[in-house]
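**Student:** Residue numbers (the working numbering): 6 to 456. Here it is, the structure in full.
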């Protein structure tokens, strides 16, 4: 009997649990259904003829005050977006309105510093990354006519020379005040985070300012200390190392060269590494890049004498200075590497001919001897390929010399930048003495005429 009662009680409890679960399921479904009916849209957009009518939900007293405040704020944003859209044109879709309200970081806020307006870039502004990445490309610099300058000193040198700024990125207002603000009236000024500048900077310790300039025309720039220059031109032939080219340009500006001419085999003169090594030399003397040898010859004065630099290296470097070498290959001043691309770089040999082209003989001279006695042009060749054949022919045509700097035995030759600095300052010394002597002669002639 007890067992029968226990079975009946278990059966009743099982049926009761099943009934409650079914009942609970119905209640849950009804709750979800009722909850769905309670949802109401925040706003309703009508056709174009009734765009100004926006249906607002009635106030609900049972909702918390915070939720009601958020709803009211959202409705205000949507209404203002609709008003702006109605002024600009008809409202098309709700997605356009939501995108206008949802992404406020694409806009910019205007501010001023000393009467100069600038923009504050919010997170998401890609202009700095885009411009810096493309300005580092030589193809972009040549086709678009833009260059990238970084640092206060380099930017100030460019502004003083008359280069047109386009856009300037700076991290703080104090960094912007370090620049001449009166020359930034036509440029777009954008304030960005220092982390962004540090990310795209090439410097170990960025200064917090990057500028994009128009590619300058050397004939239209204003150079300081032009009265200190001497009739000396520098020709860079196949200088492909950015550090060497920048150092050579810096030495040319310090020696007071009249101008600098680069052949087509040289590295781009506006590359960031060249700019850093030159330390503002680009804006202190005219630089004419990527010229053919015919254009180089036409660019030089008619009475110029072209001299070529000897690297003073080769198998016969132990000969004494007074013992003149018989050919240029003895000092390695022209490349002796195999010519795979059929480029005109040959080792000098007076007895050999290559396809009917005889290589000219150019007399050698020590660097400290008298060789700069008239308007002079000095050719510095690269360390990889040496001087080109056209440079040797131009030196022969103008009665120039090959200049070499002797070094002690078992010591490698000087690099192109060091050799250029020695020869340029030696040329300046000789030309300065020549100008002083000619000035004294003219002064004496005038005094004789007066007497």
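We put the CB at the ideal spot given by N, CA and C, even for glycine.
1) Helix, strand or coil for residue 440? Go by DSSP, reduced to three states.
2) Using a threshold of 8 angstroms, state whether the C-beta atoms of residue 262 and residue 392 are closer than that.
3) Per DSSP, what kind of secondary structure is residue 212 in: helix, strand or coil?
4) According to DSSP, which residues form a beta bridge with residue 155?
5) What distance in whole Å lies between the Cβ atoms of residue 119 and residue 208, which are believed to be in contact at a cut-off of 8 angstroms?
6) Enumerated in chain order, which unbroken segments of the beta strand (DSSP E) with a length of 3 residues or greater are wholly contained in the segment 241-312?
7) So, with DSSP's three-state summary, where would you put residue 11?
8) Using the C-alpha atoms, what's the distance from residue 407 back to residue 368?
9) Might you give, ordered along the chain, the residues of its own chain that have their beta carbon closer than 6 angstroms to the beta carbon of residue 234, omitting 5 neighbours on each side?
10) Just tell me which of 436, 423, 416 has its CA closest to the CA of residue 374.
11) Grab me the residues of residue 331's own chain with a C-beta within less than 6 angstroms of its C-beta, minus the 5 sequence neighbours each way, in chain order.
12) Run through the segment 368-418 for me and flag every whole beta strand (DSSP E) of 3 or more residues, listed as ranges in chain order.
13) Go ahead and pull the three-state DSSP assignment for residue 173.
14) What is the DSSP secondary structure of residue 189, reduced to helix, strand or coil?
15) Determine, using beta carbons only, whether residue 249 and residue 420 come nearer to each other than 8 angstroms.
16) Can residue 458 and residue 124 be called in contact, C-beta distance under 8 angstroms?
17) Please list, in chain order, all residues of the same chain as residue 137 whose beta carbon is under 8 angstroms from its beta carbon, the five residues on each side excluded.
18) What does the alpha-carbon distance come out to for the pair residue 418 and residue 237?
19) Would you be able to state if there are at least three C-beta pairs under 8 angstroms between the segment 156-174 and the segment 187-196?
20) Going straight from the alpha carbon of residue 405 to that of residue 273, what length do you get?
21) Taking Cβ to Cβ, would you say residue 195 is nearer than 8 angstroms to residue 228?
22) Residue 118 bridges to which residues according to DSSP?
23) Which residue from 257, 240, 213 puts its Cα closest to that of residue 198?
24) Residue 179 by DSSP, collapsed to three states: which one?
25) Among the candidates 285, 271, 146, whose CA atom is the shortest distance from the CA of residue 256?
26) Can you name the start and end residues of the alpha helix (DSSP H) that residue 139 belongs to?
27) If residue 269 sits next to residue 297, beta carbons under 8 angstroms apart, how far is it from one beta carbon to the other, in whole angstroms?
28) Cβ atoms of residue 242 and residue 384: under 8 angstroms apart, would you say?
29) Is the beta carbon of residue 409 less than 8 angstroms from the beta carbon of residue 315?
30) Quick one: residues in its chain with C-beta nearer than 6 angstroms to the C-beta of residue 226, no 5 flanking neighbours on either side, listed in chain order?
31) On a Cα-Cα basis, can you pick out the residue from 183, 177, 172 that is closest to residue 193?
32) By Cβ distance, which residues of its chain are closer than 6 angstroms to residue 271, with the 5 residues on each side in sequence left out?
**Tutor:** According to the data block:
1) Here residue 440 is taken as the residue at index 435 of the chain shown, counted from 1. In this structure, residue 440 counts as helix in the three-state DSSP scheme.
2) Taking the first residue of the chain shown as position 1, residue 262 is located at position 257. Taking the first residue of the chain shown as position 1, residue 392 is located at position 387. Between residue 262 and residue 392, the CB-CB gap reaches or exceeds 8 angstroms.
3) Taking the chain shown and counting its residues from 1, one reaches residue 212 at position 207. Shown here, residue 212 sits in coil according to DSSP, grouped into three states, outside any helix or strand.
4) By one-based count along the chain shown, residue 155 stands at place 150. Answer is 215.
5) Locating residue 208 in the chain shown gives position 203, where the first residue counts as 1. Locating residue 119 in the chain shown gives position 114, where the first residue counts as 1. Taking the Cβ atoms as the reference, residue 208 lies roughly 26 angstroms from residue 119, outside the contact range of under 8 angstroms.
6) Qualifying beta strand (DSSP E) stretches, in chain order: 264-268, 292-296.
7) In the chain shown, counting from the first residue as 1, residue 11 sits at position 6. Taken through DSSP and simplified to helix, strand or coil, residue 11 comes out as helix.
8) Translated into the one-based positions of the chain shown, residue 368 becomes position 363. Translated into the one-based positions of the chain shown, residue 407 becomes position 402. Distance from the CA atom of residue 368 to the CA atom of residue 407, rounded to whole angstroms, is 6 angstroms.
9) Within the chain shown, numbered from 1, the residue matching residue 234 stands at position 229. The residues are 261, 263.
10) The sequence position of residue 374 within the chain shown is 369, counting from 1. Measuring from the Cα of residue 374, the nearest candidate turns out to be 436.
11) Position 326 of the chain shown, counted from the first residue, corresponds to residue 331. Low confidence applies here, because residue 331 scores a pLDDT of 42, under 50, leaving its location unreliable; read the following figure in that light. Here the set comprises nothing.
12) The DSSP assignment places complete beta strand (DSSP E) segments of no fewer than 3 residues inside the segment 368-418 at 369-371, 381-386, 407-409, in order along the chain.
13) As a position in the chain shown, residue 173 is number 168, starting the count at 1. Annotated three-state conformation of residue 173 is strand, per DSSP.
14) Within the chain shown, the letter at position 184 stands for residue 189. Reduced to three states, the DSSP call for residue 189 is coil.
15) Indexing the chain shown from 1 puts residue 249 at position 244. Indexing the chain shown from 1 puts residue 420 at position 415. Taking a C-beta distance under 8 angstroms as the contact criterion, residue 249 and residue 420 qualify as a contact pair.
16) There is no way to answer for residue 458, as the model of the chain reaches only from 6 to 456.
17) Here residue 137 refers to the residue found at position 132 of the chain shown. When the five nearest sequence neighbours on each side are left out, the beta carbons in the same chain lying within less than 8 angstroms of the beta carbon of residue 137 are those of 153, 205, 215, in order along the chain.
18) By 1-based counting over the chain shown, the position of residue 418 is 413. By 1-based counting over the chain shown, the position of residue 237 is 232. One C-alpha to the other measures close to 24 angstroms.
19) At 8 angstroms Cβ cutoff, the stretches touch.
20) Here residue 405 refers to the residue found at position 400 of the chain shown. Here residue 273 refers to the residue found at position 268 of the chain shown. Cα atoms of residue 405 and residue 273: separation of roughly 28 angstroms, rounded to the nearest angstrom.
21) Looking up residue 195 in the chain shown gives position 190. Looking up residue 228 in the chain shown gives position 223. No. Outside cutoff.
22) The residue you call residue 118 lines up with position 113 of the chain shown. The beta-bridge partner set that DSSP reports for residue 118 consists of 121.
23) Indexing the chain shown from 1 puts residue 198 at position 193. Among 257, 240, 213, the Cα nearest to that of residue 198 belongs to 213.
24) Taking the first residue of the chain shown as position 1, residue 179 is located at position 174. The answer is helix: DSSP assigns residue 179 an H, G or I state.
25) Counting from one through the chain shown, the residue named residue 256 turns up at place 251. The shortest Cα separation from residue 256 among 285, 271, 146 belongs to 285.
26) Taking the chain shown and counting its residues from 1, the one referred to as residue 139 is at position 134. 132-140 is the extent of the alpha helix (DSSP H) around residue 139.
27) Against the chain shown, residue 269 aligns to sequence position 264. Against the chain shown, residue 297 aligns to sequence position 292. The Cβ separation is near 7 angstroms, so the contact holds.
28) In the chain shown, the residue the question calls residue 384 occupies position 379. In the chain shown, the residue the question calls residue 242 occupies position 237. In this structure, residue 242 lies closer than 8 angstroms to residue 384 by Cβ.
29) Along the chain shown, one-based indexing puts residue 409 at 404. Along the chain shown, one-based indexing puts residue 315 at 310. Inclusion of residue 409 and residue 315 in the CB contact set at 8 angstroms is warranted, their separation being smaller than that value.
30) One-based indexing of the chain shown puts residue 226 at position 221. Result list for residue 226: 166, 167, in chain order.
31) Indexing the chain shown from 1 puts residue 193 at position 188. Here the closest residue by C-alpha is 172.
32) Within the chain shown, numbered from 1, the residue matching residue 271 stands at position 266. For residue 271, where only same-chain residues beyond five positions count, the Cβ hits under 6 angstroms are 241, 244.
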